[in-house]
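Just add 2 to wherever you are in the sequence shown, counting from 1, and you've got the working numbering. We put the CB at the ideal spot given by N, CA and C, even for glycine.
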Amino acid sequence: FVSLSSFIEKILWIIESKCQIHLSKVRVTPIYKGMSTESDHPEWRLSLAFSGHLLLFSWIPVPFISVVLPTFIIPQPHALLEYLLTAQPLASARLKRENIAEERIASAAIDTLEGWNV
């Protein structure tokens, strides 16, 4: 018996093997999220937008312009903007435990180990 998520993953793998994504441009835009609740610093995020084309079956080009992927696929980078042009721009980022889905991470790790054959 194949689970629905395993079936969907296999279908997506087949589609992915027949597609190629070619990026021509990545646009980074700072977005103001309001004042931080932990300090009196403003909170900013960096929005990433991608342009390029998808090549289906190695011959059908499908262009895309300024596509912003959902944050569950690519999380928005965040840090203090005053450190953005330093050697370690994201070193000022703070880890927020409330944003970490510990149970989902543990469940995914267990599912991965169950499906792994040695």
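Residue range of the beta strand (DSSP E) that includes residue i
i, result
"W61", "Element bounds for W61: n/a, residue is neither H nor E."
Residue nearest to residue i in terms of C-alpha spacing, selected from the options
i, options, result
"A51", "F59, G36, P72 and K35", "P72"
"S19", "L57, R29 and Y34", "L57"
"H24", "P65, P32 and Y34", "P65"
"W61", "P32, I17, C21 and E11", "C21"
Reduced DSSP secondary structure (H/G/I, E/B, other) of residue i
i, result
"S38", "coil"
"F52", "strand"
"K20", "coil"
"S5", "coil"
"I71", "Looking at the sequence itself, residue 71 is Leu, so the reference to Ile does not match. Coil at L71, not helix or strand."
Residue i Cβ short of 7 Å to the ligand NAP heavy atom set
i, result
"P65", "Within the structure as shown, the ligand NAP is missing, as the structure has no ligands at all."
Where the alpha helix (DSSP H) containing residue i begins and where it ends
i, result
"I112", "E104 to E116"
Identity of the residues DSSP links to residue i by a beta bridge
i, result
"E45", "G36"
"K12", "Per DSSP, none; premise fails for K12."
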